[in-house]
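The sequence shown begins at 131 in the numbering used here and counts up by one. Reading through the structure tokens given below for one structure.
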Amino acid sequence: MSRGDEARMLPAGRTFYKLSGSGNDFVMVDAINSPSQDLTAPERVQSICARGTGIGADGLVLLERSWAADFRMVYLNSDGSRADLCGNAALCSVRLAVELGIMPVGECHVETDSGVLSGRLLPTGPEVDLRPVADIKQRLPFRLADGERWIGFALAGVPHLVVRVDDVERVDVVGRGRPLRYDSSLAQGANVNFVSPNGSGGWRIRTYERGVEGETLACGTGAVATAILLHLNGDAGLDTGLQTRSGRTLRVRLEQRSLSGWHPTLSGEARIVFQGVLGEV
């Protein structure tokens, strides 16, 4: 490409931000100051998120204007499908919104397809109060594979299966996760989380993510679903740290309110990796 071609292309481009939430990575766009309807077509999302030929990401996140909250977070999986919620994307959205001046440091409200969430940027990083989780099945009558102890379900914004295993390092996350994700008993399918003790009082988690259709380095709502089911099955308390595939830790604090289910607070990394301009994607 000549310098003249580059000069013609870049002014028409759109600024984006690449963020990582414990290895769960996103292309994020400020659609409040620059509307981005042209980015939401599935084939465009796939092109942007493609690794090797695009920017590369687990999903595309748009920060939009909201009449119900400080801003709205729209989340699109790397396959172009829209998801009601992504926990790590919510953490990254809070961080980016503060950095861009969309909201001040302190308490904020984020509108998502799963409802309005409360969030805040603390000196230690962002945290988000997710919507109450009440649709829970502590144990499902699924056939267990070798090394599996139980399988449960929780709707933590999006549907999740949680598989308690002896050692997540020995799990074929794609080979075992994909058939569970598409199990006929799950109307919308589900993300599949495998969890085992880390040997020092905490937990290790690996996730097969719906919409990515493979293993991701972290999943925030998966950590929430896993923490709830670990607690209900007597394996963990109300404050649980889960070491993700990236090595970073997501922390989930739980509060139970009898009429509305479990109220989770998710905290974790939200790192701005780089800023760029969209070109030929």
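Think of the CB as a built atom: it goes at the ideal place given N, C-alpha and C, for glycine as much as any other residue. Quick caveat, the model's predicted, so the values are computed rather than measured.
Anticipated Cβ contact below 8 Å, residue i with residue j, distance rounded
i	j	result
residue 336	residue 303	5 Å
residue 401	residue 373	Contact flag wrong, Cβ pair sits at about 17 Å.
residue 325	residue 360	7 Å
residue 208	residue 403	Contact flag wrong, Cβ pair sits at about 16 Å.
residue 175	residue 217	Not confirmed; about 19 Å, so no contact.
residue 194	residue 171	The Cβ separation is near 16 Å, so there is no contact.
Own chain partners of residue i with C-beta closer than 6 Å, once the 5 adjacent residues on each side are dropped
i	result
residue 228	235, 251
residue 159	146, 166, 192
residue 219	156, 191, 205
residue 214	243, 244, 287, 288
residue 285	265
residue 310	291, 322
residue 355	284, 286, 290, 292
residue 256	221, 224, 225, 400
residue 200	233, 238, 239
residue 196	202, 241
For residue i, the residue or residues it bridges with in DSSP
i	result
residue 259	248, 395
residue 189	156, 207
residue 283	267, 291
residue 146	406
residue 182	Beta-bridge pairing links residue 182 to no other residue.
residue 387	391
residue 213	205
residue 194	202
residue 381	371, 397
residue 277	Per DSSP, none; premise fails for residue 277.
residue 151	154
residue 238	249
Own chain partners of residue i with C-beta closer than 7 Å, once the 5 adjacent residues on each side are dropped
i	result
residue 380	152, 348, 350, 353, 372, 374, 396, 398
residue 277	295, 296, 297, 300
residue 275	306
residue 377	none
residue 312	319
residue 413	There is no way to answer for residue 413, as the model of the chain reaches only from 131 to 411.
residue 198	241, 246
residue 327	333
residue 340	311, 319, 320, 321
Neighbourhood of residue i by C-beta, 8 Å cutoff - its chain only, sequence neighbours within 5 removed
i	result
residue 392	262, 263, 264, 266, 358, 384, 385, 386
residue 143	407, 408, 409
residue 362	266, 268, 282
Buried versus exposed, by CB contacts within 10 Å (16 or more), residue i
i	result
residue 330	exposed
residue 254	exposed
residue 346	buried
residue 150	buried
residue 154	buried
Inset, instruction - Output the residue ranges of the alpha helix (DSSP H) runs that lie fully inside the segment 298-374 and measure 4 residues or longer, sorted by chain position. - result: Counting only runs of at least 4 residues, the segment 298-374 fully encloses the following alpha helix (DSSP H) elements, listed from N- to C-terminal order: 303-311, 350-362.
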